[in-house]
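One structure below.
Residue numbers (our numbering): 164 to 222.
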């Protein structure tokens, strides 16, 4: 099991937009590599205290 964390420091006003940008970039890389994957939007019980929204990309 290997894990990669994507982190970007942004202002609260742009945080949701930047999260979607990170997700799109990660998906583009996986598609370019021809890898199968799925995106899981985690429920609040599975994310950290400081997170409002978290995606897992399972390859």
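Using N, Cα and C, we set each Cβ at its ideal position, and we do this for glycine too.
Sorting 165, 206, 220 and 216 by C-alpha distance to the C-alpha of residue 180 places 216 at the top. Leaving aside the five residues that flank residue 200 on each side, the residues in its chain whose CB is nearer than 8 Å to its CB run, in chain order, 190, 193, 220, 221 and 222. If you check the CB distance, residue 196 and residue 185 do not come in under 9 Å.
DSSP links residue 210 through a beta bridge to no other residue. Following the DSSP letters along the chain, one finds residue 179 inside the alpha helix (DSSP H) bounded by residues 178-195.
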